[in-house]
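In what follows, a structure is listed as structure tokens, so that the remarks can point back to it.
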Amino acid sequence: MNKVLKSTRHVTKRIQQVTIDKQALVDFLRKLIEDGIEIPSWNYDYHFFDGGHKTVAYLLILDSINFCFWPNPGAEKWEVQYKSETLSGYYALAASLKKAIESGISITDAHYLSELNLSTLKQILGGKGELQLMEERIRILNELGAFLISRYNGEANRLVEAAENSTLKLVELLVENLHSFRDEAEYYDTKIYFYKRAQIFAADLYGAFAGKDWGFFKDIDNLTAFADYKLPQVLRHVGVFQYSPSLEHKVDNNILLDPGSPEEIEIRANTIWAVELIRLQLKRMGRNLRAFEIDWILWNLGQQRKFKEKPYHRTVTIYY
């Protein structure tokens, strides 16, 4: 994903609010290796999987609305009951959509998506608390359904097949045709590309299908990290990220960062490059991991309580 790496590298050269402590990065990796670094396996408990076309559609729907799970100030966190567990965030979304499919709701049908309304989506997701940006989520799903009908006979797997086993082409198809995947920003008059959700769709296909069938990509190594709000939280906790006093004050006090602001762009760009530096350092240490696999490792660490001691930055956005 050279376009993402190249543009975000431009940000890191002009950095003002976020810096990467390279010694802390090395120390963190040594500890990871000592503890036995492992790439997390795909979670089939919370994700729907039937090995066929319906799984492709499910993952595309999931990643289309995979963003902004934290609650508004004063609002109750969104949580769902799934089997005997209480889930929140991404896993709550994955499990809610899985449960909908298994109960016979036709959410993987493009015509159903194109006509889905807000009330029905709220019923599908259910749970308690407030999930932000619901109007945007329904607009995104309507757009996705209409796009699949107009271009791919309503079948998400045909979209993936049109990418010809290339993550780069798959990302391009999503970005060029669906506004909600156009995760771009301007940083001092320079266009910056992130494409978080478009890239994660390719990685999720790879994970769910174990690198086969619709999960086989000849250029999977081109994926970068997926710049969100959880990875920076982990990187800051272990000392790899250092924030300026003003940014530290905003993040620690849950003061919103505007989408597309220099601070937000610097956090996201440095996330991508911190993972790239981790990848290169691990290679020097004799461990060959790809950027998206490192992302999975860091994201899973971020689910542990100790990595939540410092808050994550908050930006109201559909991109992550």
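In the numbering used here, the protein residues as written are 6 to 325.
Where a beta carbon is used, it is the ideal one built from N, C-alpha and C, also for glycine.
> Does DSSP put Q238 in a helix, a strand or coil?
Replying inline: DSSP places Q238 in helix when its eight states are reduced to three.
> Quick one: any contact between the segment 144-154 and the segment 169-176, if contact means 3 or more CB pairs under 8 Å?
Replying inline: Not touching, per the Cβ criterion.
>> For a test of the three-state rule: what should DSSP assign to T229, helix, strand or coil?
In response: T229 falls in the coil class under three-state DSSP.
>> Assuming P78 and N259 are in contact, meaning their beta carbons sit under 8 Å apart, how far apart are those beta carbons, in whole angstroms?
In response: Contact flag correct, Cβ pair sits at about 7 Å.
> Would you call the segment 72-90 and the segment 135-144 touching, i.e. three or more CB-CB distances under 8 Å?
Replying inline: Segments in contact, yes.
> Considering only residues of the same chain and omitting the five flanking positions on each side of V165, which have a CB-CB separation below 7 Å?
Replying inline: In chain order, V61, L175, L210 and W219 place their CB closer than 7 Å to the CB of V165, counting only its own chain and leaving out the 5 sequence neighbours on each side.
>> Looking at the strands, I want to know which residues DSSP matches up with V85.
In response: Per DSSP, the beta bridge partners of V85 are L92.
> When the Cα atoms are used, what is the spatial distance from G216 to E169?
Replying inline: Each residue's Cα considered, the two are about 14 Å apart.
>> With a threshold of 6 Å on Cβ separation, who are the neighbours of Y96 within its own chain once the five nearest residues in sequence on each side are excluded?
In response: Closer than 6 Å at Cβ, skipping near neighbours: Y51.
> Buried or exposed: which applies to K223, given that a residue is buried once 16 or more other Cβ atoms fall within 10 Å of its Cβ?
Replying inline: The residue in question, K223, is exposed, as its Cβ has fewer than 16 Cβ neighbours within 10 Å.
> For Q247, which beta-bridge partners are listed by DSSP?
Replying inline: As a beta-bridge residue in DSSP terms, Q247 pairs with T24.
> Can the beta-carbon of K104 be found closer than 8 Å to that of Y87?
Replying inline: Annotated as proximal: K104 and Y87, with beta-carbon spacing under 8 Å.
> Roughly how many angstroms separate the alpha carbons of S93 and A100, rounded to a whole number?
Replying inline: Straight through space, the alpha carbons of A100 and S93 are spaced by roughly 10 Å.
>> Measuring only the C-alpha atoms, how far is R284 from N122?
In response: CA-to-CA, the gap between R284 and N122 works out to about 43 Å.
> Given a threshold of 16 other Cβ atoms within 10 Å of its Cβ, counted over all protein chains shown, does N158 qualify as buried or as exposed?
Replying inline: Residue environment for N158: exposed (fewer than 16 other C-beta atoms within 10 angstroms of its C-beta).
> Out of curiosity, what's the CA-to-CA distance linking S251 and G109?
Replying inline: So the two alpha carbons sit approximately 50 Å from each other.
> Going straight from the alpha carbon of W304 to that of A213, what length do you get?
Replying inline: CA-to-CA, the gap between W304 and A213 works out to about 17 Å.
> Should G400 be labelled buried (16 or more other beta-carbon atoms within 10 Å of its own) or exposed?
Replying inline: It is not possible to answer for residue 400, since the shown part of the chain is limited to 6 through 325.
>> What does the alpha-carbon distance come out to for the pair I44 and Q286?
In response: Answer to the nearest angstrom: the Cα atoms are 17 Å apart.
>> Bridge partners for Y193 per DSSP, in chain order?
In response: Answer by DSSP bridge pairing: none, since Y193 is not bridged.
>> Bridge partners for Y198 per DSSP, in chain order?
In response: According to DSSP, residue pairing for Y198 in a beta bridge involves E189.
>> Going by the DSSP bridge assignment, what does E135 pair with across the sheet?
In response: Residue pairing by DSSP places E135 opposite K82 in a beta bridge.
> Taking DSSP as the reference, what is the three-state secondary structure of I12?
Replying inline: According to the sequence provided, residue 12 is Ser. The question's Ile does not apply to it. Three-state DSSP puts S12 in a helix.
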